[in-house]
Amino acid sequence: MAWLQGINIVVLAIISATVSLSGKPVGAQVRHVVGGDRGWDPSSDIASWSSGKTFRVGDEIWFTYSVAQGLVAELQSKEEYESCNITNPIKMYTDGLHTIPLEKEGIIYFASSDIENCKNGLKLHVDVLPRASESPPAPTTTTTTTVPKRVVADGPSSPSGSAHYGTSSLLMLIVLVLYVTMGCAY
């Protein structure tokens with residue numbers, strides 16, 4: 197029976213290692229529920245909700261709303277957004293629940309199809325920034341000297357290849373340790 201327990205430990209270790217190595221890096225994607233708990237609703241303060249948010253390529257925004265209160269229009273320009281002109285939208289979202297992947301940098305404008313709700317603040321502009329790892333390198337400054345006293349190498353041009361894994365890896369390690377210690381006690 198001891199050999200069977202040894203096999204169980206090896207199998208559990210292999211499964212744990214597989215799960216740990218296939219984990220996703222932490223912070224790879226953020227899902228923003230527009231308006232928070234209230235969703236896309238006239239009583240939500242969308243401007244306050246969005247003011248502290250950072251939207252990046254790869255994130256998603258989720259609209260949850262009552263179709264009876266108006267649809268969500270994706271607009272083409274800042275002018276349409278500011279004037280609540282929804283006569284020529286890029287897209288009209290109509291199902292009450294919609295996920296929009298943020299696939300490229302730039303500003304995206306959304307407004308309620310109900311003009312009064314839009315004028316009362318039920319609209320959103322999203323400034324999509326590059327992925328954290330895609331940020332442009334800091335500008336370098338060069339000075340000309342005849343005899344440099346000290347030469348300083350530039351830092352790496354790309355982020356480290358190491359990945360940070362979420363709590364699933366830690367949890368699997370804890371389960372493995374508990375299994376080994378509890379299993380050896382019998």
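Residue numbers for the sequence shown follow the numbering used here, so the first one is 197 and each next one is one higher. C-beta: ideal position from N, C-alpha, C; glycine also.
### Query
Is the segment 285-294 close to the segment 250-268, with three or more CB pairs under 8 Å?
Proximity of the segment 285-294 to the segment 250-268 meets the contact definition, three or more beta-carbon pairs being nearer than 8 Å.
### Query
Quick one, which of Glu275, Val322 and Gly302 has its alpha-carbon nearest Trp387's?
Coverage of the chain is limited to positions 197 through 382, which leaves residue 387 absent and any answer about it impossible.
### Query
Expressed to the nearest angstrom, what Euclidean distance is found between the alpha-carbon atoms of Pro238 and Val324?
As a first step, residue 238 must be located in the sequence shown, where it is residue number 42. As a first step, residue 324 must be located in the sequence shown, where it is residue number 128. Going by the C-alpha atoms only, they are around 24 Å apart.
### Query
Taking C-alpha atoms, which residue in Lys287, Gly254, Pro285 and Cys280 lies nearest to Lys315?
Taking the first residue of the sequence shown as 1, we reach residue 315 at position 119. The shortest Cα separation from Lys315 among Lys287, Gly254, Pro285 and Cys280 belongs to Cys280.
### Task
Can you grab the Cα-Cα spacing for the pair Gly231 / Ile242, in whole Å?
By 1-based counting over the sequence shown, the position of residue 231 is 35. By 1-based counting over the sequence shown, the position of residue 242 is 46. So the alpha carbons of these two residues sit roughly 5 Å apart.
### Query
From Ala269 to Ser309, what distance separates their C-alpha atoms?
Counting from 1 along the sequence shown, the entry for residue 269 is found at position 73. Counting from 1 along the sequence shown, the entry for residue 309 is found at position 113. Each residue's alpha carbon lies about 6 Å from the other.
### Query
If we call anything under 8 Å between Cβ atoms a contact, is Leu298 one with Arg252?
Position 102 of the sequence shown holds residue 298. Position 56 of the sequence shown holds residue 252. Yes, these two residues count as a Cβ contact at 8 Å.
### Query
Out of Arg327, Gly235, Gln265 and Leu267, which has the shortest C-alpha to C-alpha gap to Gly302?
Position 106 of the sequence shown, counted from the first residue, corresponds to residue 302. Between Gly302 and the set Arg327, Gly235, Gln265 and Leu267, the nearest pair of CA atoms involves Arg327.
### Query
Does Leu325 get closer than 8 Å to chain B when you measure Cβ to Cβ?
No chain B appears in the structure shown, which is made up of a single protein chain.
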